[in-house]
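Residue numbers for the sequence shown follow full-length UniProt numbering, beginning at 1 and rising by one. Shown next, in structure tokens, is the structure this report addresses.
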Amino acid sequence: MIYRSLMFTPGTNKERLLKSVSSEADALLWDLEDAVHPDEKAAARAVIQEALDELEDKPAKPIFLRVNQYGTEWYAEDVKLARHENVNGIMLPKAESARQVEETWEGMGANGELIVLVETAAGIVRLEDIFSNPNVSGVAFGAIDYAVDADLTLTEAGLEAIYARSRIVTYAKAAGVEGIYDTVFADIHNTESLQKRAVSARALGFNGQMAVHPKQIETIHEVYSPSREDIDWAVKVLHHAEHEEKGAGVFMLDDKMVDRPIIEKAKQIYQAAERYQLIIGG
């Protein structure tokens, strides 16, 4: 699956967890890691268990658990909780190897979605190994932890992380991993900068982004959804390719050359529009 937005909610607050189900986010990240103090890890796991049990039916909105890092004292029990019938999958933080992915997959019952969160220099270097495990369904970039690990200074322009972002996208695409998600934007009141950062990440090949507050969802969805103009263009290209210029390898449309790569791009836009229910397929 591909999600435009994945929204974090701390695992310590049952009311907020349950409320998040009615948010506009495409998917939910119920957090057992960074948002939870070490002394509250077990308590947070119990709170999430209660919240999951209180959901009468599995919600249409996917719920992921961001578990604690592989090798920590909390990791194994966090992963086991992902076997709950109302959990769709796991986000594995600081992923650095195929072995970590495999043990997580087995721990969660070999079922569901597994998103790796790459946020260390070792993780960036070992992407080929990480993606060699076929159970990886998505990848997310954790820029804040990566900046600490690599001693980078995060800037609004984001140039310092272009190598990491491009490497993630390239290796994910090569491995057939569909969901590629950019890092959180911590300043929840700075919508303009969030929009600029999302546009930049989208241009690099990311197709979604993690969020820390519901007010960020509208901006994220706007950026990661095809525009009305893009959809109209895609429909026009595909119509001409199928009907007007059927069988032609190359043709002209609005004084511009259309060849196979252009047609494939139009298909991508059309499929995204269908996925996000911006058009009805047919």
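Virtual Cβ for every residue (Gly too), placed ideally from N, Cα, C.
Top-ranked residue by Cα proximity to residue i, from the options
{"i": "Met108", "options": "Leu127, Arg202, Val136", "result": "Val136"}
{"i": "Gln49", "options": "Glu33, Pro261, His37, Ala82", "result": "Ala82"}
{"i": "Glu119", "options": "Ala172, Ile144, Ser22, Pro10", "result": "Ile144"}
{"i": "Ala46", "options": "Thr72, Pro10, Lys19", "result": "Pro10"}
{"i": "Glu222", "options": "Glu15, Ala25, Ala44, Met1", "result": "Ala25"}
{"i": "Ile2", "options": "Ala172, Asp255, Glu178", "result": "Glu178"}
{"i": "Lys269", "options": "Ile231, Leu154, Met257, Glu156", "result": "Residue identity differs from the one stated: residue 269 is Ile in this sequence, not Lys. Checked all of Ile231, Leu154, Met257, Glu156; the closest Cα to Ile269 is Ile231."}
{"i": "Thr72", "options": "Tyr171, Gly247, Gln100", "result": "Gln100"}
{"i": "Asn190", "options": "Ala121, Glu156, Met257, Ala161", "result": "Glu156"}
{"i": "Ala266", "options": "Lys41, Gln277, Glu229, Trp74", "result": "Glu229"}
{"i": "Asp34", "options": "Leu117, Glu106, Glu102", "result": "Leu117"}
Coarse secondary structure for residue i, derived from DSSP in three states
{"i": "Tyr163", "result": "helix"}
{"i": "Thr9", "result": "strand"}
{"i": "Arg260", "result": "helix"}
{"i": "Phe185", "result": "coil"}
{"i": "Gly208", "result": "strand"}
{"i": "Gly176", "result": "coil"}
{"i": "Gly123", "result": "helix"}
{"i": "Arg66", "result": "strand"}
{"i": "Asp57", "result": "coil"}
{"i": "Val139", "result": "strand"}
{"i": "Gly107", "result": "helix"}
{"i": "Trp233", "result": "helix"}
{"i": "Ile48", "result": "helix"}
Rounded C-alpha distance that separates residue i from residue j
{"i": "Leu194", "j": "Ser225", "result": "15 Å"}
{"i": "Lys61", "j": "Leu29", "result": "11 Å"}
{"i": "Ala95", "j": "Lys196", "result": "27 Å"}
{"i": "Val169", "j": "Tyr70", "result": "23 Å"}
{"i": "Pro134", "j": "Ser166", "result": "21 Å"}
{"i": "Pro59", "j": "Leu17", "result": "12 Å"}
{"i": "Thr183", "j": "Ala140", "result": "7 Å"}
{"i": "Asp254", "j": "Glu128", "result": "42 Å"}
{"i": "Leu159", "j": "Val199", "result": "13 Å"}
{"i": "Gln216", "j": "Ser227", "result": "18 Å"}
{"i": "Tyr75", "j": "Tyr146", "result": "20 Å"}
{"i": "Thr43", "j": "Glu274", "result": "A quick correction: the sequence has Ala, not Thr, at residue 43. Rounded to whole angstroms, Ala43 to Glu274 spans 41 Å at the Cα level."}
{"i": "Lys256", "j": "Val250", "result": "10 Å"}
Proximity below 8 Å, CB of residue i to CB of residue j
{"i": "Ile115", "j": "Gly138", "result": "yes"}
{"i": "Gly112", "j": "Val79", "result": "no"}
{"i": "Ile263", "j": "Val237", "result": "yes"}
{"i": "Asp31", "j": "Arg66", "result": "yes"}
{"i": "Ala201", "j": "Met7", "result": "no"}
{"i": "Ala181", "j": "Gly205", "result": "Looking at the sequence itself, residue 181 is Tyr, so the reference to Ala does not match. Their beta carbons are not under 8 Å apart, which means Tyr181 does not touch Gly205 by this criterion."}
{"i": "Ile124", "j": "Ser97", "result": "no"}
{"i": "Ile220", "j": "Arg4", "result": "yes"}
{"i": "Asn68", "j": "Lys41", "result": "yes"}
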